[in-house]
Every structure is written in C-alpha cells, then in structure tokens.
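Notes follow the structure.
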Amino acid sequence: MTFTSSNQDNVLYRFWKLAIINILSNLTVPLAGLISVAFLGHLDQIRHLAGVVLATILFNFIYKSLGFLRMGTTGVTAQAVGRNDRETMLLVGLRNGLIALILGVLILSLQYPLREVGFALLSATPDVKFSGIAYFNARIWGAPATLLNFVLIGWFLGREMSGKVLLLSIIGNCANIVCDYFTIIRWGWESTGAGLSVAVSQYVMVLVGLVLVTREIQWQELISVARRIWNLSEIKATFTLNSNLFIRTLAIIFTLSIFTNMSSALGTTILAENALILEVFMLAAYFIDGLAFATETLTGNLQGQGAKEQLVPLLKMAGGSCLLLGINLAFLFMLFPQTLFGLLTNHTEVIESITLYIPWLLLVLGFGSIAFMLDGYFLGLAAGQTLRNSTVIALVVGFAPMAVASWQFQSVHLLWLALSLFMAGRAIILGVKLPSTLN
C-alpha cells in the first residue's frame, strides 16, 4: 500500500475526531462524581460522604484491576475491523462479554469476603465504616453490568464509534445523578442510596449499549459465529492477553498505592500536598487518555489493514499532542498554584508549601504523557506481554530503589523522583520496542 498525503489527512481527521469525543466522554465521569459528592456533602452528617469515599477505594481497586476487559477488547476489535473480518469482530465482543459476565457473577458470589477483607484493611471510625459498608452492599450488585460496560465501550472504541461511547457515558452518568437526587435527597437513603444509584446507572448503560449493538448486528450473525466462542486456541490467546494486561494494571495500582502510603508516612501535610498534585495528574490523564484511546483504535485498524507505513505519522501526531498537552497542564499549575490549587483546598499552609513539589509535575506528566500514548499504541497491537514487561520493569528498576531511598532519607523529593522514574521507565522501554513493530 502506497502512503499519500490524502492517507495522512484521513488519519489526522480520524484521530482528532476520536480524540475529542473520547475526552468529552472521559470528562463526564468526574463531573457526575462531583455532583454525587455534593449531594452527600450536604447531608447533616459527613460520615456518609466519608464512608462512600472509603468504599470507593475498594471498588477502584476491583474495577481498575479488571480494566483489561476494555483494553483487551479495543485493539483486537480494531484489527478485525481493519481486516474486514466481521466474524472475529463479533467474536471478540461475545467472548469478552462472556468473561465479563462470569467475573461479575463471581464478584457477587464473593462479596462477603471482599467486603470483610477490604474494610479490615482500611482505617476509619466505626460510623464511617458503617456508612461505607452500606454503600458497598448496594453498589456491588452492579458488578456484572459494570464489567459488561467495559467490554461494550472497548468494542465500540475498536469500531471507531466513540460517539456511542459518549452517548453511553452521558446516559449512565445522568441516570446516576437522577437516582442520587431521589435516593439521597428525596428518600433519605444516604450512602445506601448512593451505592444503589451507581448500580442502577450501570444497568441503564448496559441496556442502552445492548440496544445499540442490536442495531449493528443481526441475530443470525451471532448464531453463526457462536460455534467459535469455545475455540481453544482463540480462548488461550484471549486469556494470555488479558492476564498480561491484568498484571500490567496491578503494577500501576501497586506503584500509586505505595506512593500514597509513603506520602502518608511522611506526614499529614505531605499526604495532602501529594494527593492534590496527584489529582492534577489524574485530571490530565482524562485528557491524555482521550488521545491515547484514539491512538489505540487507529493503530489496531491500520495494523489490521497492513498499512504499517501510516503508523509513523500517527505516532508523531499522537506523541506530540500528548506531550504538548501534558507539559502545558503542568506549566499551568506551576504558574498559577495559588489560584488553581485554591479551587481544591482552602488550607493555606498546604497551598503555600505545595509550590516546592509542583515542578515534579513536569517530569511526571512529561514522561507519563508519552507512556500513556505508547500504552495506547501497544494496546492497539494487542501486545500484552510488552506492556506487562515494561510496567513491571519500570516498577522494580525505576520506582522501587528510589522509593526505598525516599523512605531512608525521609525525602518527599526522592519520592517524586521515584514516580518520575516509573513513568520514564515505561516510556523508554516501550520506545525501545517501537522500531521492531514498524518493520
């Protein structure tokens, strides 16, 4: 296939169309979360809000560790679309949907030990734990729908249908807000109502998603491809990819958890400051992930077409855009710390001393933006082993030694250096692997 300027213009248009819609979709999540927090924060007792925050830590760990259901669906689907292999495209959604349903039911069956072990590891007063458990008991029933939504979102992304992902996000988050209003404000169900609202919103999302799917495929098509669901070699490939992505995600969660725990050990003020800077990092991730998702979709599609010559322009555009976005966001908070961090806290002692550590955002977001983009690229290639190895090596070689040094010298700067080295390690290792994928 010969590369032309029209091909490049087409990739450019597709990239930004996907990226903008993905960013808008990503931003609906924290917006709905803020509204839910506002409802809970205006109750007479703050323990309900604190309990929900506590229980959310458990759900974040469970669901983020199962994020392979989304990641393992997008790239493989995009490759099938690129090859015009409709049968495989359908099978990816069916097989991962079945895995999601099985895992969702397993979580429901194990909800008691998950709850008991989880809350035993979390520190809080009895009344806060009581509210957290009430939230957990209600929200856990949405597990099957939540995991099915991961697959639906991944499947739509792989087919360049970001508009449908945005629609699902809007519908799901609006349902959550409406349910919050009735269950928390009108009916007074407090943290139980908040958990129930999330569960209901997930089922609303999955129902709408399935309706959208039925408009794309015929029932007869599903019956004809169902015989291949149990193909052993394909099942093995699916589980290999998913297990590699699972380990990769656990390594990231472990790194951020250690970073937070060590921040806590360095003092309450340090914990607050580091948490605020991490919030900025997470906010930037909502934007950068929109670009990374677009990279993932187009990489898989071009790989499926065999149009490897178009991957280089895509990488240049995606890498430059992610880096520019990450650096600019870091500079924004460096230039206006009092104003921007003042929106997040009114504790002047935290805002005044946080300026000592803000410059680390340049390194963390600079390396992190490239790492996120390359994550998207290798996810599009379904290169799970490469992603697993890069993250584990970055954790062991980059983060861990400097984190130990930070503990020994009780240094906040060394702790931020450890996180910077983790991001840099991932970016460098994936960058070294890049040329071999273009041959």
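Going by the working numbering, the residue at position 338 of the sequence shown is 1568; the numbering climbs one at a time, nothing skipped.
Positions of the beta carbon are idealized from the N, C-alpha and C atoms, including for glycine.
- The residue among Val-1306, Ile-1329, Ile-1292, Ile-1482 with its C-alpha nearest the C-alpha of Gln-1341 is Ile-1292.
- With a cut-off of 8 angstroms on Cβ pairs, the segment 1379-1396 is not in contact with the segment 1452-1464, counting fewer than three such pairs.
- With fewer than 16 other CB atoms across the displayed protein chains lying within 10 angstroms of its CB, Ala-1350 is exposed.
- If you draw a straight line from the Cα of Arg-1416 to the Cα of Trp-1449, it comes to about 42 angstroms.
- In the displayed model, Leu-1248 falls within a helix according to three-state DSSP.
- By the neighbour-count definition (other C-beta atoms within 10 Å, threshold 16), Lys-1546 is an exposed residue.
- With a beta-carbon spacing of about 7 angstroms, Ser-1493 and Leu-1645 fall inside the 8 angstroms limit used to define contacts.
- Here Ala-1262 is near Asn-1406, since their CB atoms are less than 7 angstroms apart.
- For Thr-1355, the number of other beta carbons within 10 angstroms of its own is below 16, and it is reported as exposed.
- With 16 or more neighbouring CB atoms inside 10 Å of its own CB, His-1278 falls in the buried class.
- Excluding its 5 nearest sequence neighbours in each direction, Arg-1618 has C-beta neighbours in its own chain below 6 angstroms: Asn-1474, Ile-1477, Arg-1478, listed in chain order.
- If you ignore the 5 residues before and after Phe-1608, its C-beta comes within less than 7 angstroms of the C-beta of Thr-1616, Leu-1617, Leu-1660, all in its own chain and listed in chain order.
- Put simply, the segment 1433-1440 touches the segment 1374-1388. At least three CB pairs are less than 8 angstroms apart.
- The Cβ neighbour count for Pro-1374, taken over all protein chains shown within 10 Å, is at least 16; the residue is labelled buried.
- The residues Gln-1540, Leu-1544, in chain order, have a CB closer than 6 angstroms to that of Val-1241 in the same chain once the five nearest residues on each side in sequence are set aside.
- Contact check between the segment 1242-1256 and the segment 1311-1329: fewer than three CB pairs, one atom from each, fall below 8 angstroms, which does not count as touching.
- About 11 angstroms separates the beta carbon of Ile-1584 from that of Met-1564, a gap too long to meet the 8 angstroms contact definition.
- Taking a cut-off of 8 angstroms for Cβ pairs, the segment 1646-1660 and the segment 1483-1492 touch, as three or more such pairs fall below it.
- Note that the segment 1507-1524 does not touch the segment 1329-1348; fewer than 3 beta-carbon pairs, one per stretch, sit closer than 8 angstroms.
- Burial state of Glu-1420 is buried, judged by a 10 Å Cβ sphere holding 16 or more other Cβ atoms.
- Rounded to the nearest whole angstrom, the CA to CA distance from Leu-1554 to Leu-1591 is 13 angstroms.
- For the set Phe-1571, Ala-1601, Ser-1427, Asn-1558, the Cα lying nearest the Cα of Leu-1508 is the one of Phe-1571.
- In this structure, the beta-carbon distance from Tyr-1365 to Gly-1271 does not fall below 7 angstroms.
- It is roughly 10 angstroms from the alpha-carbon of Asn-1256 to the alpha-carbon of Phe-1523.
- Per DSSP, reduced to three states, the secondary structure at Gln-1275 is coil, with no helix or strand assignment.
- Going by DSSP, Ser-1493 is part of the alpha helix (DSSP H) stretching over 1462-1495.
- Counting every other CB atom within 10 Å of its CB across the protein chains shown gives Val-1428 a total of 16 or more, marking it as buried.
- Per the C-alpha coordinates, the member of Glu-1582, Asn-1558, Phe-1489 positioned closest to Thr-1569 is Glu-1582.
- Note on geometry: alpha-carbon atoms of Val-1634 and Ala-1285 lie some 29 angstroms from one another.
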